[in-house]
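Comments concern the structure below.
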Ligand code: 3PG
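In the working numbering, the protein residues as written are 24 to 438.
Given below as structure tokens:
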């Protein structure tokens with residue numbers, strides 16, 4: 024079945040024959056990496072990608088996979104050699120590796136891949152074009168696409184989580200060769216559609232964490248009717264309190280000012296005046312001189328690091344009535360187990376309700392691990408996406424998917 028995407032359609036890999044064909048699959052196996060040892064710290068994305076690789080191999084495709092890892096000059100900008108080993112382990116299929124992306128060695132190895140075999144190319148961001156934002160038509164004429172596209176019959180975007188970037192490996196190929204959405208991308212779109220369109224009302228969205236600009240954009244996109252309740256926690260909750268006129272400790276307010284972007288107060292004031300269903304925490308668990316102290320929202324002291332029990336009660340009652348719950352970002356500083364409680368309680372409330380639950384971001388796996396197996400099994404979907412999910416929720420364009428929609432039209436792929 025073609026995959027619906029914002030009123031357009033994109034082709035599904037499950038409708039495209041791959042046996043004996045040469046398939047270029049864009050994965051997103053960009054993962055947190057320990058800067059000292061180079062060890063991969065989370066295999067959430069690798070597991071999802073391994074299932075796709077296995078499926079393509081079982082169906083008899085000759086598979087070449089590519090992905091970025093980190094950003095140039097940052098500590099997690101590393102080779103994908105370990106990723107290839109991990110993919111082999113997780114998929115049960117040998118994933119070969121070449122430490123080249125578009126050079127002669129890569130071309131030679133790509134040409135040698137036979138049906139049933141897999142080759143992973145080196146980090147695509149070693150090629151400067153893959154870190155430059157340009158429209159799909161421009162990347163379609165770029166060096167990377169000119170070098171690689173002639174070697175393939177089909178391009179697969181199985182990298183929803185980088186589809187908010189208009190970079191060569193994400194948008195260039197499907198304008199030149201037929202492009203389809205892989206199972207990871209399809210599952211992400213289906214989960215979003217299920218949460219925001221198909222499960223019914225009320226839709227409850229929880230926004231936590233510290234990505235304040237993105238949170239405001241999401242509130243603006245969902246606050247005029249698409250969501251019935253927007254609950255906030257983390258630094259996002261503190262920002263909403265500040266906009267409501269509550270006093271924050273000076274260092275917290277400074278952080279909000281720095282992260283929220285220009286005009287944040289006016290944007291939030293407009294939302295609040297316009298009746299957006301926004302809620303902020305009533306109380307916090309705050310750290311004062313190494314001790315954890317409960318403080319109400321109108322007398323915040325110390326460093327507020329988690330939501331408190333009154334907030335958990337109120338939010339849990341709202342969540343209990345929901346038909347769909349989307350959670351993006353944690354309610355507190357979950358890396359510190361003393362401040363994980365609020366997030367765990369909210370996830371628990373969602374999983375105990377009848378709602379379809381979509382959890383955005385790999386950090387929710389840490390939270391899920393604290394819950395019993397029978398509750399964990401009730402999660403609708405744990406998204407592999409960070410920024411792309413925020414873009415989707417904020418109704419911002421996802422160029423990787425727009426390029427697939429163009430491909431479907433150009434090559435007559437989606438029926
Ligand atoms: C992500 O982790 O959100 C994606 O892999 C995109 O990475 P980027 O923000 O470096 O483009």
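Even glycine gets a Cβ: it sits at the ideal position worked out from N, Cα and C.
The structure presented is a predicted model; accordingly, all values stated were derived computationally and were not measured.
Confirm, please, whether the CB-CB distance from residue 172 to residue 199 is below 8 Å. Numbered from its first residue, the chain shown carries residue 199 at position 176. Numbered from its first residue, the chain shown carries residue 172 at position 149. Taking 8 Å as the cut-off, the Cβ atoms of residue 199 and residue 172 count as close.
Among 293, 260 and 267, whose alpha-carbon lies nearest the alpha-carbon of residue 278? Position 255 of the chain shown, counting from 1, holds the residue named residue 278. Measuring from the Cα of residue 278, the nearest candidate turns out to be 260.
Does the segment 199 to 210 come into contact with the segment 320 to 336, if we say contact requires no fewer than three beta-carbon pairs (one atom in each stretch) closer than 8 Å? Short answer: they don't touch.
Could you name the residues that DSSP lists as bridge partners for residue 302? Residue mapping note: residue 302 aligns to position 279 of the chain shown, counting from 1. DSSP, once it has assigned bridges, lists 254 as partnering residue 302.
Does the beta-carbon distance from residue 35 to residue 214 come in below 8 Å? Working through the chain shown from its first residue, we reach residue 35 at position 12. Working through the chain shown from its first residue, we reach residue 214 at position 191. The Cβ-Cβ distance between residue 35 and residue 214 does not fall below 8 Å.
Taking 6 Å as the limit, name every residue whose beta carbon sits nearer than that to some heavy atom of the ligand 3PG, in sequence order. Counting only residues whose CB is nearer than 6 Å to a non-hydrogen atom of the ligand 3PG, the list in chain order is 51, 53, 94, 184, 185, 188, 409 and 410.
Excluding five sequence neighbours on each side, which residues of the same chain lie with their C-beta closer than 6 Å to the C-beta of residue 120? Counted from its first residue, the chain shown places residue 120 at position 97. Once the five neighbours on either side are set aside, the close Cβ partners of residue 120 are 104, 107 and 143.
Going by other Cβ atoms of all chains shown within 10 Å of its Cβ, with 16 needed for buried, is residue 223 buried or exposed? Here residue 223 refers to the residue found at position 200 when the chain shown is read from its first residue. By the neighbour-count rule (16 or more Cβ atoms within 10 Å), residue 223 is not buried but exposed.
Taking buried to mean at least 16 other C-beta atoms within 10 Å of its own C-beta, is residue 89 buried or exposed? By 1-based counting over the chain shown, the position of residue 89 is 66. Buried, since its Cβ has 16 or more Cβ neighbours within 10 Å.
Indicate the three-state DSSP secondary structure (helix, strand or coil) for residue 348 in the structure shown. Walking along the chain shown from the start, residue 348 turns up at place 325. DSSP places residue 348 in the strand class (E or B) of the three-state scheme.
Please classify residue 310: does DSSP put it in a helix, a strand, or coil? Here residue 310 refers to the residue found at position 287 when the chain shown is read from its first residue. Three-state result, residue 310: strand.
Bridge partners - residue 180, DSSP secondary structure assignment: For this step, residue 180 is matched to residue 157 along the chain shown. According to the DSSP secondary-structure assignment, residue 180 is paired through a beta bridge with 49 and 204.
Would you please state the rounded distance, in angstroms, between the beta carbons of residue 292 and residue 304? I believe it to be under 8 Å. Numbered from 1 along the chain shown, position 269 holds the residue referred to as residue 292. Numbered from 1 along the chain shown, position 281 holds the residue referred to as residue 304. In fact, because the Cβ distance is near 19 Å, the residues do not count as touching under 8 Å.
Starting from residue 237 and walking both ways along the alpha helix (DSSP H), at which residues does that stretch end? Translated into the one-based positions of the chain shown, residue 237 becomes position 214. Residues 235 to 245.
With a threshold of 8 Å on Cβ separation, who are the neighbours of residue 267 within its own chain once the five nearest residues in sequence on each side are excluded? Here the question's residue 267 lines up with position 244 in the chain shown. The residues are 295 and 303.
Who does residue 380 pair with in a DSSP beta bridge? Sequence index remark: in the chain shown, residue 380 carries index 357 (1-based). In the DSSP output, where bridge partners are listed per residue, residue 380 has 348.
Out of curiosity, what's the CA-to-CA distance linking residue 76 and residue 264? Translated into the one-based positions of the chain shown, residue 76 becomes position 53. Translated into the one-based positions of the chain shown, residue 264 becomes position 241. In a straight line, the C-alpha of residue 76 is about 46 Å away from that of residue 264.
Are there 16 or more other CB atoms within 10 angstroms of the CB of residue 237, so buried, or fewer, so exposed? Counting from 1 along the chain shown, the entry for residue 237 is found at position 214. Residue 237 is buried by the Cβ-count criterion.
How far does the alpha helix (DSSP H) with residue 277 in it reach, from first residue to last? Translated into positions along the chain shown, residue 277 becomes position 254. Here the alpha helix (DSSP H) through residue 277 covers 273 to 283.
Would you mind reading off the limits of the alpha helix (DSSP H) that contains residue 427? Position 404 of the chain shown holds residue 427. Run containing residue 427: 422 to 434, per the alpha helix (DSSP H) assignment.
If we call anything under 8 Å between Cβ atoms a contact, is residue 369 one with residue 234? Taking the first residue of the chain shown as 1, we reach residue 369 at position 346. Taking the first residue of the chain shown as 1, we reach residue 234 at position 211. With respect to residue 234, residue 369 sits apart: the two C-beta atoms are not nearer than 8 Å.
Cβ neighbour criterion (16 or more within 10 Å) applied to residue 187: In the chain shown, counting from the first residue as 1, residue 187 sits at position 164. If you draw a 10 Å sphere on the C-beta of residue 187, you find 16 or more other C-beta atoms in it, and that means buried.
What does the alpha-carbon distance come out to for the pair residue 40 and residue 32? By 1-based counting over the chain shown, the position of residue 40 is 17. By 1-based counting over the chain shown, the position of residue 32 is 9. The straight-line gap separating the alpha-carbon atoms of residue 40 and residue 32 is approximately 18 Å.
List, from N- to C-terminal side, the alpha helix (DSSP H) runs of 4 residues or more that fit wholly inside the segment 105 to 192. For the segment 105 to 192, the full-length alpha helix (DSSP H) segments reaching 4 residues or more read 127 to 135, 159 to 163 and 166 to 171 along the chain.
For residue 394, which residues from the same chain have a beta carbon less than 8 Å from its beta carbon, with the 5 sequence-adjacent residues on both sides left out? Sequence index remark: in the chain shown, residue 394 carries index 371 (1-based). The beta carbon of residue 394 lies closer than 8 Å to those of 367, 370, 371 and 374 in the same chain, with the five residues before and after it left out.
Residue 416 and residue 3 - do their beta-carbons sit closer together than 8 Å? In the structure displayed, the chain extends from 24 to 438; residue 3 sits before or after that span and is not available.
Option nearest residue 96 by Cα separation, candidates 149, 114 and 65: Residue numbering aside, residue 96 sits at position 73 when the chain shown is read from its first letter. Nearest option by C-alpha distance: 149.
Three or more C-beta pairs closer than 8 Å, one from the segment 119 to 134 and one from the segment 52 to 66: is that the case here? Fewer than three pairs of CB atoms, one per stretch, sit closer than 8 Å, so the segment 119 to 134 makes no contact with the segment 52 to 66.
How many whole angstroms separate the CB atoms of residue 67 and residue 385, which I take to be in contact at a CB cut-off of 8 Å? Start at 1 with the first residue of the chain shown, and residue 67 comes out as number 44. Start at 1 with the first residue of the chain shown, and residue 385 comes out as number 362. Between residue 67 and residue 385, the beta carbon gap of about 4 Å places them in contact (Cβ cut-off 8 Å).
Closest to residue 10 by C-alpha separation, out of 174, 409, 145 and 342, would be which residue? Look at the range of the chain in this structure, 24 to 438, and you will see that residue 10 is not part of it.
Residue interval of the beta strand (DSSP E) (run including residue 89): Taking the chain shown and counting its residues from 1, the one referred to as residue 89 is at position 66. Its beta strand (DSSP E) spans residues 85 to 89.
Assuming residue 323 contacts residue 283 (C-beta within less than 8 Å), just tell me the rounded distance between them. Within the chain shown, residue 323 is the residue found at index 300, counting from 1. Within the chain shown, residue 283 is the residue found at index 260, counting from 1. No, residue 323 and residue 283 are not in contact; Cβ-Cβ is about 17 Å, not under 8 Å.
Element boundaries [alpha helix (DSSP H), containing residue 463]: In the structure displayed, the chain extends from 24 to 438; residue 463 sits before or after that span and is not available.
Touching by the beta-carbon criterion (3+ pairs, under 8 Å), the segment 152 to 166 and the segment 131 to 141: No: the two stretches stay apart, fewer than three of their Cβ pairs being nearer than 8 Å.
Where residue 222 sits in the DSSP three-state scheme: Here the question's residue 222 lines up with position 199 in the chain shown. Look at residue 222 here: in three-state DSSP terms it is coil, with no helix or strand label.
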